[in-house]
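Please read the structure below before turning to the comments.
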Amino acid sequence: MKSRESHVRLKQFQVNEKTRQLGQIQLMMAEMEKMAAELEYQIIAEEKKAGNTDPSHFAYPTFAKAARQRSDNLQTSIKELKVQLDAAELALEEAQAEFDKATALEERDAGHRSNRAV
């Protein structure tokens, strides 16, 4: 029953790969959230320095306007990654279920082989 063993190894590899992908997405989201928080801090500091907090005002700092745009872009990317994260979590659950099923079949077959040997 080498084919079952290789099938179990394949399913284990798929679970490991899905787990790795999930971790990568979570890491990217965390990094983007950190960058967005740093930008927000810089925006507040620039607005305080200029004494102007209205982005539509003609004298609003250019740096703060650009930083706000980058922060908005990061927030959009984080939302898109959240969708990918949800899909990756679902794919991991499916891969884990397939692995569990393959493992159960392998254990059942191993039990049948040991009973025949007796």
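Numbering (the UniProt record's numbering), first residue to last: 1 to 118.
The beta carbon of each residue, even a glycine, is placed where N, CA and C say it ideally should be.
Check this for me: beta carbons of residue i and residue j, under 8 Å apart or not?
i	j	result
Val-8	Thr-103	yes
Glu-46	Pro-61	yes
Among the options, whose alpha-carbon lies nearest the alpha-carbon of residue i?
i	options	result
Ala-36	Gln-84, Glu-89, Gln-75, Ala-95	Gln-75
Ala-67	Leu-92, Glu-40, Ala-88, Gly-51	Glu-40
Glu-98	Asp-54, Gln-12, Arg-20	Gln-12
Gln-69	Glu-80, Ala-59, Pro-55	Pro-55
Ala-88	Thr-19, Leu-10, Ser-6	Thr-19
Leu-22	Leu-10, Leu-85, Ile-43	Leu-85
Would you grab the beta carbon distance between residue i and residue j for me? Rounded to a whole angstrom, and I think it's under 8 Å.
i	j	result
Arg-4	Glu-94	That belief does not hold up - the Cβ atoms of Arg-4 and Glu-94 are roughly 20 Å apart, past 8 Å.
Ser-77	Met-32	6 Å
Leu-81	Ile-25	6 Å
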